[in-house]
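If you count the sequence shown from 1, you need to add 267 to reach this note's numbering.
Ideal Cβ positions, reconstructed from N, Cα and C, are used throughout, including at glycine.
Computed from a prediction, not measured in an experiment: that's the story for all the values here.
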Amino acid sequence: MFRSHTCGELQISHLNQTVTLAGWVQRVRNLGGMTFVDLRDRYGLTQLAFNEVWDPELMDEARKLGREFVLSAQGEVIERSSKNAAMATGDIEIKVSNFKILNSAKTPPFTIEDDTDGGEELRMKYRYLDIRRAPVRNNLLLRNKVNLAVRNYLNDEGFVDIETPFLIKSTPEGARDFVVPSRMNEGEFYALPQSPQTFKQLLMVGGMDKYFQIVKCFRDEDLRADRQPEFTQIDCEMAFVERDDVLRTFEGLTRHLIKEIKGIDTGDFPRMTYDEAIKKYGSDKPDIRFGMEFVELSELTASSGFPVFDSAELVVSICAPGIANYSRKQLDALVNFVKTPQVGATGLIWCKHQEDGSFKSSVDKFFSQEALQNWANAAQSKTGDLILIMAGQAAKTRAALSALRLHLAENLNLRKSSEFAPLWVIDFPLLEWDEDSNRWHAMHHPFTAPYPKDLTLIDTDPGAIRANAYDLVLNGNEIGGGSIRIHDKALQEKIFGYLGFSDEEARKQFGFLMDAFEYGAPPHGGMAFGFDRLVALLGGKETIRDFIAFPKNNAGRDVMIDAPATLADEQLKELNLSVNLD
Ligand code: ASP
Numbered sequence: 268m269f270r271s272h273t274c275g276e277l278q279i280s281h282l283n284q285t286v287t288l289a290g291w292v293q294r295v296r297n298l299g300g301m302t303f304v305d306l307r308d309r310y311g312l313t314q315l316a317f318n319e320v321w322d323p324e325l326m327d328e329a330r331k332l333g334r335e336f337v338l339s340a341q342g343e344v345i346e347r348s349s350k351n352a353a354m355a356t357g358d359i360e361i362k363v364s365n366f367k368i369l370n371s372a373k374t375p376p377f378t379i380e381d382d383t384d385g386g387e388e389l390r391m392k393y394r395y396l397d398i399r400r401a402p403v404r405n406n407l408l409l410r411n412k413v414n415l416a417v418r419n420y421l422n423d424e425g426f427v428d429i430e431t432p433f434l435i436k437s438t439p440e441g442a443r444d445f446v447v448p449s450r451m452n453e454g455e456f457y458a459l460p461q462s463p464q465t466f467k468q469l470l471m472v473g474g475m476d477k478y479f480q481i482v483k484c485f486r487d488e489d490l491r492a493d494r495q496p497e498f499t500q501i502d503c504e505m506a507f508v509e510r511d512d513v514l515r516t517f518e519g520l521t522r523h524l525i526k527e528i529k530g531i532d533t534g535d536f537p538r539m540t541y542d543e544a545i546k547k548y549g550s551d552k553p554d555i556r557f558g559m560e561f562v563e564l565s566e567l568t569a570s571s572g573f574p575v576f577d578s579a580e581l582v583v584s585i586c587a588p589g590i591a592n593y594s595r596k597q598l599d600a601l602v603n604f605v606k607t608p609q610v611g612a613t614g615l616i617w618c619k620h621q622e623d624g625s626f627k628s629s630v631d632k633f634f635s636q637e638a639l640q641n642w643a644n645a646a647q648s649k650t651g652d653l654i655l656i657m658a659g660q661a662a663k664t665r666a667a668l669s670a671l672r673l674h675l676a677e678n679l680n681l682r683k684s685s686e687f688a689p690l691w692v693i694d695f696p697l698l699e700w701d702e703d704s705n706r707w708h709a710m711h712h713p714f715t716a717p718y719p720k721d722l723t724l725i726d727t728d729p730g731a732i733r734a735n736a737y738d739l740v741l742n743g744n745e746i747g748g749g750s751i752r753i754h755d756k757a758l759q760e761k762i763f764g765y766l767g768f769s770d771e772e773a774r775k776q777f778g779f780l781m782d783a784f785e786y787g788a789p790p791h792g793g794m795a796f797g798f799d800r801l802v803a804l805l806g807g808k809e810t811i812r813d814f815i816a817f818p819k820n821n822a823g824r825d826v827m828i829d830a831p832a833t834l835a836d837e838q839l840k841e842l843n844l845s846v847n848l849d
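Below, the structure is given as structure tokens:
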């Protein structure tokens with residue numbers, strides 16, 4: 268028997284019992300006539316005690332143990348003379364009577380403790396060692412817990428877990444496909460699913476009216492920080508539903524998860540239209556844990572003689588609470604922040620609402636105290652607040668002010684990971700203009716239903732057509748999104764047309780779906796959650812990589828197994844791919 272108990276469970280109530288533990292040596296401490304070994308497994312740490320009075324030879328053996336040696340040790344549970352309240356098993360230790368080395372270990376490349384000296388790249392290369400560390404291990408355990416809670420909830424709601432294939436053909440979700448050459452079909456390729464979108468819709472046609480799957484999806488995007496080329500979705504679809512049925516169901520799931528994992532009640536989720544979110548927060552995924560809503564000052568600043576405002580499509584402000592005392596240096600830092608390439612603004616105007624009720628601004632030359640007072644009234648500032656103003660082309664200015672709003676909230680510690688503020692953003696535009704390809708794209712995906720009455724705008728103002736699409740936003744992150752789908756062949760054909768597909772292309776790529784729509788497709792809709800991000804947020808973090816057992820780095824590489832890699836000529840030939848020339 269390797270073990271009778273785990274390294275995380277022994278308490279004072281186990282006193283005097285003879286137990287056997289198995290695990291890894293985290294640390295060996297030699298203190299004169301005594302030696303202590305911290306033994307670690309998935310469940311925790313237990314102190315093994317050796318004493319030259321009890322057994323000098325055994326103690327000598329223990330002193331030779333190296334870090335990460337694998338042991339099975341037997342002994343008696345005794346009370347510690349100096350207890351460690353910070354440790355779950357800190358009241359006891361094991362008076363070891365014998366132990367066996369199950370395997371030796373090389374000195375690990377970084378310390379395997381809660382705080383490690385290992386850098387990110389090194390820890391990724393030896394991810395199996397990193398996983399031994401409690402912070403990583405706990406993230407994976409949390410992921411499992413969330414996974415189970417999702418399954419249980421959806422199962423109780425009558426959802427059926429159905430697997431869909433990975434070797435498919437392209438589904439447009441706005442990214443590039445990863446492709447897999449087919450050996451048996453020369454010159455042809457499968458695509459890995461960007462999501463199971465078309466399959467879940469076909470399951471609805473197949474009558475499986477509530478489907479879900481916790482499933483890997485693949486998108487070959489340029490990797491921005493904290494994106495993974497393969498990621499996991501909770502993918503769901505329902506038939507015979509309208510938008511509110513879908514929102515109710517998944518609001519229920521989300522509320523359940525936050526309650527189950529964090530013990531927090533979130534109540535009803537607010538709903539906000541896309542237009543409102545953009546106007547109030549400059550973002551379609553607003554963080555509503557704190558205020559600082561946008562207040563437009565265009566009218567108040569019209570024809571003021573200040574060129575920056577006069578030439579601007581939009582003048583818009585936020586009011587940052589309690590920082591009117593910012594020094595020149597701090598204000599300059601804000602100005603510099605908005606000028607960084609990732610924010611891309613040309614400038615920032617500030618106005619201090621001073622303690623004595625007067626105003627001091629960066630544009631005092633152009634504006635009277637009275638004018639500034641009017642801004643303050645509009646922005647609803649109080650004494651001690653700082654009003655920040657940006658001006659320019661509307662969309663760009665809003666995006667930049669949104670970045671500043673988040674930056675300030677971060678600085679002012681208003682983005683608390685212990686707070687959960689979910690909301691639905693609804694009524695997204697159906698189409699989005701793509702500068703690069705010079706045409707309209709589906710903002711969500713081409714299967715999303717438009718609001719029928721908006722379709723009259725198709726020739727005059729296509730960008731104003733609203734989709735019956737929704738996102739679930741949590742603390743400034745999009746954690747899920749979906750839509751009511753088109754289930755009518757003629758409408759689907761029309762939308763493909765708007766998106767620039769010729770009839771032939773649409774037929775070639777989506778003929779199977781349009782055929783299915785001719786055989787009694789029910790009204791349906793659904794959504795998908797980004798599972799990695801959801802788990803990270805429930806874990807109080809924003810980096811998804813920490814919650815994935817074997818993640819890829821920013822260049823899309825798995826540095827542990829060293830993938831991607833070249834193939835041998837033989838293999839390439841078999842796949843009918845051209846052979847390396849060097
Ligand atoms: N397939 C969509 C996505 O991956 C989600 C959905 O519409 O259900 O974003």
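* Asked: So what's Glu-563 in DSSP terms, helix, strand or just coil?
  -> strand
* For Asp-476, verify whether its CB is less than 8 Å away from any heavy atom of the ligand ASP. => No - the ligand ASP has no heavy atom lying nearer than 8 Å to the Cβ of Asp-476.
* Check Ile-732 in the structure and name its three-state DSSP category. => coil
* Asked: Is Ser-845 near the ligand ASP, with its Cβ less than 8 Å from a heavy atom?
  -> no
* Of the listed residues His-712, Tyr-593 and Ala-643, nearest to Gln-468 (C-alpha basis) -> His-712
* Return the chain-ordered list of same chain residues with a C-beta closer than 7 Å to the C-beta of Gln-621, the five sequence neighbours on each side being excluded. => Around Gln-621: Ala-591, Lys-627 and Thr-650.
* What's the gap between the Cα of Asp-577 and the Cα of Asp-728? -> 27 Å
* Contacting residues, own chain, Cβ-Cβ under 7 Å from Gly-793 (five flanking each side not counted) -> Lys-467, Cys-503, Glu-504, Met-505, Val-513 and Gly-749
* May I ask whether a heavy atom of the ligand ASP can be found less than 8 Å away from the beta carbon of Glu-440? => Yes, the ligand ASP has a heavy atom inside 8 Å of this Cβ.
* Buried or exposed: which applies to Lys-477, given that a residue is buried once 16 or more other Cβ atoms fall within 10 Å of its Cβ? -> buried
* When every heavy atom of the ligand ASP is checked, does at least one fall within less than 8 Å of the C-beta of Thr-715? -> yes
* Asked: Going by the C-beta, is Met-505 closer than 8 Å to any heavy atom of the ligand ASP?
  -> no
* Just curious, the alpha helix (DSSP H) that Glu-272 is in, first and last residue? -> Looking at the sequence itself, residue 272 is His, so the reference to Glu does not match. It is not in any alpha helix (DSSP H) - His-272 carries neither H nor E in the DSSP assignment.
* Excluding five sequence neighbours on each side, which residues of the same chain lie with their C-beta closer than 7 Å to the C-beta of Asn-641? -> Leu-567, listed in sequence order.
* Asked: Cβ of Gln-776 versus every heavy atom of the ligand ASP: is any distance shorter than 8 Å?
  -> no
* Asked: Which one of Leu-675, Phe-433 and Ala-638 has the shortest CA to CA distance from Leu-459?
  -> Phe-433
* Asked: What residue does the beta strand (DSSP E) around Lys-362 start on, and which one ends it?
  -> 359 to 370
* To do: Report buried or exposed for Thr-313, applying the criterion of at least 16 other Cβ atoms within 10 angstroms of its Cβ.
  => buried
* Tell me the DSSP bridge mates of Gln-341? -> Thr-287 and Asn-365
* Exposure label - Gly-659; buried when at least 16 CB within 10 Å -> buried
* Asked: Excluding five sequence neighbours on each side, which residues of the same chain lie with their C-beta closer than 6 Å to the C-beta of Thr-285?
  -> Once the five neighbours on either side are set aside, the close Cβ partners of Thr-285 are Glu-343.
* Nearest candidate by alpha-carbon position, reference Gln-480, set Phe-456, Tyr-420 and Gly-823 -> Tyr-420
* To do: Please look up how many angstroms separate the CB atoms of Leu-615 and Met-559, rounded, as I've assumed it's under 8 Å.
  => Their Cβ separation, rounded to whole angstroms, is 14 Å, which puts Leu-615 and Met-559 out of contact at 8 Å.
* Where does the unbroken beta strand (DSSP E) through Trp-617 begin, and where does it stop? -> 616 to 620
* Check whether the stretch 493 to 502 touches the stretch 521 to 531, counting contact only when three or more Cβ pairs, one atom from each stretch, lie closer than 8 Å. => No, the stretch 493 to 502 is not in contact with the stretch 521 to 531.
* Asked: Ala-795: beta carbon under 8 Å from a heavy atom of the ligand ASP?
  -> yes
* Asked: CA-CA distance, Asn-680 and Leu-655?
  -> 18 Å
* beta strand (DSSP E) runs wholly inside the stretch 722 to 779, at least 3 long, in chain order -> 736 to 741 and 744 to 751
* Asked: Considering only residues of the same chain and omitting the five flanking positions on each side of Asn-365, which have a CB-CB separation below 6 Å?
  -> Gln-341
* **Inter-residue Cα distance where the pair is Glu-276 and Arg-812** => Taking the straight line joining both Cα atoms gives about 29 Å.
* Asked: Nearest-angstrom Cα distance between Met-475 and Glu-699?
  -> The C-alpha of Glu-699 is placed about 32 Å away from the C-alpha of Met-475.
* Range covered by the beta strand (DSSP E) that runs through Met-657 -> 653 to 659
* Reducing DSSP to helix, strand and coil, say where Ile-528 ends up. => helix
* Identify the residues that DSSP records as bridge partners of Leu-698: which are they? -> DSSP lists Ala-709 as partners of Leu-698.
* **Ala-795 versus Asp-554 - alpha carbon distance** => 20 Å
* Asked: At what residues does the beta strand (DSSP E) containing Gln-480 begin and finish?
  -> 477 to 485
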